[in-house]
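Start counting the sequence shown at 117; every next residue gets the next number (my numbering). Using N, Cα and C, we set each Cβ at its ideal position, and we do this for glycine too.
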Amino acid sequence: MSKFGGGIGAPSKEERLKAAAEIHLRLGQIQRYCELMVELGEWEKALSVAPGVSMKYWKKLMQRRADQLMQEGNDDVIPYCIATGDVKKLVSFFTSRGQLKEALLVAQGACEGNIHRPAITSINHTVATDNDNNEAYKGQVHTITHLLLHGVCGELAEWYFQGGCAVLAACCHLAVDNTELAMASLIRGNELELAVCVGTVLGESAQEATHYVLELLARKYMTTVTWDLAIRLLQMVPDNETLLAKLCAFYPGSSAERNDLHDRCVLQCGLPSLEECKDLAEEVHSQGEILQEVKYHLLSSEPEKALPIGIAFINGVCVYVCVCMGVYVQSVSLSYMTNDPPPLRAGPVFFLEDGKSAISLNDALMWAKVNPFSPLGTGMRLNPF
């Protein structure tokens, strides 16, 4: 057996590889030495001499080591990715483990230029071409890092929002100048007052969302005590005549109180008086403007005249088409036949007008944003804001 090197006292495979590596190193075959060290698991020794082959080879070896550590879920992968400037791989590593804050720090550092790819120089006499290539490369890296930052901020914002922290979610979006999603987070989280303040500060970039929030906030204050505040909020919205008309039409007070409110709206909002509304309703009726006719009837002293006109108009334009009705009914019947208990509601609830029915506050908010009336079909207005 000793003839084949496998007898008692013969060197092990590891010892033979180490000896071979030493011979390759003395012969100047550094790359072969590095590969043998990698096979032995001596990554540090391999990486310490890899630049003797080339920086390109060293970087490739660093990436191989990073891939190995990443598969093992080892945090030691961090310095390897930082050293090679592989921000995307490191961000993906943190994101896959749910470490969104750490991923955000890495992406932010890359955007600020603190994490660089190692320079791999080569002899080239075309200086102008090199400069152009460098500028193009820097622009490409800048775009990639900013996309990474936006992606991580979006995931962190969604994590905060699902945890009930709508304000922190909006802050994440604002950190990358995403005003649209920041306002959307505040609106979805029912932080309407804060959304108005943020939108006012942001100005034109959030103008559309701010106007929408003002409408929602006005609906929140459509109570007898705070009706004047609702009027002032709607006055901040441009082209607000229709909104103010709805506000006056929805007022639940007595006839005297409605007249008083209308007089104030005439002075503050520029709406026509009660008598003028009658004349305007007749005028637009002759012109065939149904919506304007309904609006002026609602603002007049005889709002009940608007009801038959509106119903006739709706009956004329409504077409009931439901392609998925069969599928929907089937799903309902299947759920009805099961004996599974209904899913439990988590979080705050909103009680409906009958005092017994309840839906989650989030469902009530989403319902009210598209339909101001109760889902019970009683005609009562829903105000969960």
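Query	Result
CA-CA distance, phenylalanine 209 and valine 165?	27 Å
Taking the Cβ atom as the reference point for each residue, do glycine 267 and isoleucine 231 lie within a distance shorter than 8 Å?	no
Is it the case that the region 179 to 192 contacts the region 214 to 224, given that we only count it when at least three CB pairs across the two stretches are under 8 Å?	no
Closest to leucine 477 by CA distance: which of Pro500, Gly493, Gly471, Glu469 is it?	Pro500
On the CB-based measure, 16 or more other CB atoms within 10 Å of its CB, does alanine 298 come out buried or exposed?	buried
Less than 8 Å between the C-beta atoms of leucine 163 and tryptophan 174, yes or no?	yes
Decide if methionine 496 is buried, meaning its Cβ has at least 16 other Cβ atoms within 10 Å, or exposed.	exposed
Leaving aside the five residues before and after alanine 182 along the sequence, list all residues of the same chain whose C-beta is less than 6 Å from its C-beta, in chain order.	Val193, Tyr196, Cys197
Is the separation between the beta-carbon of lysine 504 and that of alanine 334 shorter than 8 Å?	Outside the modelled stretch of the chain, which goes from 117 to 501, sits residue 504, for which no answer is possible.
Going by Cα to Cα distance, which pick from His401, Glu309, Ser416 is closest to glutamate 391?	Ser416
In the DSSP output, which residue or residues are listed as bridge partners for serine 416?	Per DSSP, none; premise fails for serine 416.
Which complete beta strand (DSSP E) runs does the region 166 to 243 hold, if anything under 3 residues is left out?	none
Tell me the rounded alpha-carbon separation between asparagine 306 and arginine 380.	30 Å
Identify, in the order they occur along the chain, each residue of the same chain with its Cβ nearer than 7 Å to the Cβ of leucine 65, setting aside the five sequence neighbours on each side.	Nothing about residue 65 can be reported from this structure: the residues present for the chain run from 117 to 501 only.
What distance in whole Å lies between the Cβ atoms of lysine 161 and methionine 171, which are believed to be in contact at a cut-off of 8 Å?	No, methionine 171 and lysine 161 are not in contact; Cβ-Cβ is about 18 Å, not under 8 Å.
What does the alpha-carbon distance come out to for the pair leucine 492 and leucine 498?	10 Å
Closest to leucine 221 by C-alpha separation, out of Val207, Ala422, Cys281, would be which residue?	Val207
How many Å lie between glutamate 409 and leucine 272 at the Cα?	50 Å
Of the residues His327, Leu349, Cys434, Val465, which one's Cα is nearest the Cα of tyrosine 337?	Leu349
Relative to the C-alpha of glutamine 256, which residue among Gly404, Arg233, Ala474, Cys434 is closest?	Arg233
Can you say whether isoleucine 430 is buried or exposed, counting buried as having 16 or more other CB atoms within 10 angstroms of its CB?	exposed
Roughly how many angstroms lie between the CA atoms of glycine 229 and methionine 178, to the nearest whole one?	21 Å
Going by C-alpha distance, which of Gly432, Ile475, Glu398 is nearest lysine 421?	Glu398
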